[in-house]
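See structure below.
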Amino acid sequence: MRKVIAAFKISADGKYGGPDGYADWVESWPEDFGSWLTTQIDACVLGAEFYPLYEQYWSQVEAAPDEIHPFSGRMPTAEDVEWSGFAAKTPHYVVSKTLKSVTWPNTRILPDLDAVAAMKREPGKDIYLIGGPSIAGAAIDAGLVDELRLIVYPLIVGDGKPLFSSAARHAMQLHTIEQLPEGRLSMVYGIGQ
Numbered sequence: 002m003r004k005v006i007a008a009f010k011i012s013a014d015g016k017y018g019g020p021d022g023y024a025d026w027v028e029s030w031p032e033d034f035g036s037w038l039t040t041q042i043d044a045c046v047l048g049a050e051f052y053p054l055y056e057q058y059w060s061q062v063e064a065a066p067d068e069i070h071p072f073s074g075r076m077p078t079a080e081d082v083e084w085s086g087f088a089a090k091t092p093h094y095v096v097s098k099t100l101k102s103v104t105w106p107n108t109r110i111l112p113d114l115d116a117v118a119a120m121k122r123e124p125g126k127d128i129y130l131i132g133g134p135s136i137a138g139a140a141i142d143a144g145l146v147d148e149l150r151l152i153v154y155p156l157i158v159g160d161g162k163p164l165f166s167s168a169a170r171h172a173m174q175l176h177t178i179e180q181l182p183e184g185r186l187s188m189v190y191g192i193g194q
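The sequence shown begins at 2 in our numbering and counts up one residue at a time.
Here's what the structure looks like:
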């Protein structure tokens, strides 16, 4: 069976974004996750709230890899450009009961998390649960997330957007921990059922 892997970059106080919803402390989204992003997965799942920003962000990187990105105010990194090309050709699934259409190629709407459970039973590589936090919390509560990968930044954001919105308590088992440059930590957890 395919695994669902949720992966996020967060602050030490568990925030995925600042008060404006954007993680201005992250210089490159794909950086630090390693090659699993493009070698271990063949599908991405997003929530309806997160999808529009994700599509806009990565479409802009793909369209203008040598220009300052309007959201981040930075030049895309080599990892960003690589991910934008991979994302453009990789199937994406937006879980939503209200969204009627999507504009990004290779993107479909799924009516609920049962459809994600069905995807897990299909042949293929693993599934990347990108976000946002609402869909991640709901998927964890539904027992669909097998692995949680976190890159923790040495930063206390204070007012910001908390990552975890799970309604229940979930045990996790630490699989690996790695110290990254500039005090970041990479942690991979299995989520207990």
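Positions of the beta carbon are idealized from the N, C-alpha and C atoms, including for glycine.
Could you check where the beta strand (DSSP E) with D43 kicks off and where it finishes? Taken as a continuous stretch (DSSP letters only), the beta strand (DSSP E) holding D43 covers 42-48.
Buried versus exposed call for G184 [16 or more other C-beta atoms within 10 Å across all chains shown]: exposed
Classify H93 as buried or exposed, calling it buried when 16 or more other Cβ atoms lie within 10 Å of its own Cβ. By the neighbour-count criterion, in which a residue is buried when 16 or more other Cβ atoms sit within 10 angstroms of its Cβ, H93 is buried.
Assign S36 to buried or exposed, taking buried as 16 or more other Cβ atoms, counted over all protein chains shown, within 10 Å of its Cβ. exposed
Suppose you measure from the CA of S166 to the CA of D33; what does that come to, to the nearest Å? Rounded to the nearest angstrom, the two C-alpha atoms are 24 Å apart.
For Y58, tell me which candidate among G15, P20, W105 has the shortest Cα-Cα distance. W105
Spatial neighbours of I110 within its chain, please: C-beta separation below 7 Å, excluding the five flanking residues on both sides. The residues are V95, S97, L100, V103.
Confirm, please, whether the CB-CB distance from I141 to I192 is below 9 Å. Note that the C-beta distance between I192 and I141 is below 9 Å.
Beta-carbon proximity check, A24 vs G18, cutoff 9 Å: Judged by their CB atoms, A24 and G18 are nearer to each other than the 9 Å cut-off.
Bounding residues of the beta strand (DSSP E) (the contiguous stretch that carries R150): 148-154
Within its chain, find whatever has a CB closer than 6 Å to the CB of A7; leave out the 5 residues flanking it on each side and keep chain order. By the criterion of a C-beta distance shorter than 6 Å, A7 is surrounded in its chain by L130, A137, V146, L149, once the five residues flanking it on both sides are discounted.
Pull up the DSSP beta-bridge partners for E179, would you. For E179, which the question treats as bridged, DSSP gives the partners S187.
Taking only the alpha-carbon atoms, compute the straight-line gap between P53 and M173 and give it to the nearest angstrom. 31 Å
Mapping DSSP to helix, strand and coil, what is K4? coil
Among the candidates L156, A168, F87, I152, whose CA atom is the shortest distance from the CA of I178? I152
Would you check if the distance between the CB atom of E68 and the CB atom of A89 is smaller than 9 Å? E68 places its beta carbon 9 Å or farther from that of A89.
In chain order, what residues of the same chain lie with their CB nearer than 6 Å to the CB of P124, ignoring the 5 residues before and after it? none
Apply the 10 Å Cβ neighbour rule to L47 and answer buried if 16 or more other Cβ atoms are within range, or exposed otherwise. In summary, L47 is buried, with 16 or more beta-carbon neighbours lying within 10 Å of its beta-carbon over all protein chains present.
Let me know the beta strand (DSSP E) ranges lying completely inside the region 64-116, each 3 residues or longer, listed in chain order. You should have 93-96, 108-111.
If you draw a straight line from the C-alpha of Y190 to the C-alpha of V117, how long is it? 20 Å
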